[in-house]
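Taking it in order: structure first as structure tokens, then the write-up.
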Amino acid sequence: IYFIFGNKPDSNARFQLSFKYRLFSPKDAKAPRFWENFYFGYTQTSLWDIHGESSPFVDTTYNPSLFWRSGALWNPQDSPVHVGLMAGVEHKSNGKDDEESRSLNDYFVQPEFNYRFTNGSTLQFAPRLKAYFATSDNPDYKDYFGHVDWKLSWRQDHGLSVAALYKRGRHGRDAKQVELAWPLKRTPLNMNGYFFVQYYQGYGETLLNYRTKVGPHVRMGLALTP
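Residue numbers are given in the numbering used here: position 221 of the sequence shown equals residue 221, and the series is strictly consecutive.
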């Protein structure tokens, strides 16, 4: 969960809620059986025009998913490297009708390559490969974002987290996002949560206007988790 806002008139505030729920409780947490790795996930992202009259919401993306995930598919003993895997199906829509309706579905596979440093931080490369289906509302979506979400992150135990996302479609269309999170426990405030900064530039910040290029936008605010 995060809430962030920018200082430009065209930098709408952004709010995101995300969670996942494990469908089956494993009898052995260290060695779950195949079906015990299934999850239901949900993410909801809204852009809020806080500078406009009556402060309307610009668009909201509803993103439920069903997926299988193992964070230790390959985990050699005494090795700093471990590999995980995530695969599933997801739906995205903006809940509107007629000309403003946007929706798409995709199957995805996401390998997760992790390197654990001795200083207590982890580097992860996790490209998500997607195959779209039932995209009649916006059949050209893949032309803007391609079939791979390139994701790279670095997380320090109880410290700084940095995550980058890059999508590239046809004819030079792309989207770039970088996020930084710093725990408020390590500030004079000594609070739960994180100070959160997000950079965004490119297409697709909302489903409604995914054909419109925006930014660069820099937003800051608070997050419950990085």
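Cβ coordinates follow ideal geometry from the N, Cα and C atoms, glycine included.
Non-local beta-carbon contacts of residue 153 in its own chain, meaning distances under 6 Å to residues more than five positions away in sequence, involve 124 and 163 in chain order. In the displayed model, residue 142 falls within a helix according to three-state DSSP. Rounded to the nearest angstrom, the gap between the Cα atoms of residue 211 and residue 118 is 44 Å. Looking at 78, 199 and 65, the one whose alpha-carbon comes closest to that of residue 93 is 65. For residue 77, there is no enclosing beta strand (DSSP E), since its DSSP letter is neither H nor E. If you compare the alpha carbons of 89, 8 and 62 with that of residue 18, the shortest gap goes to 62.
Assignment of residue 137 by DSSP, reduced to helix, strand and coil, places it in the coil class. Note: residue 196 is bridge-paired with 181 and 221 in the DSSP secondary-structure output. As the crow flies, the alpha-carbon of residue 127 is around 12 Å from that of residue 84. Just measuring C-alpha positions, the residue of 16, 36, 15 and 31 sitting nearest residue 25 is 36. Taken in chain order, the complete beta strand (DSSP E) segments of 3 residues or longer contained in the region 108–136 are 121–125 and 128–133.
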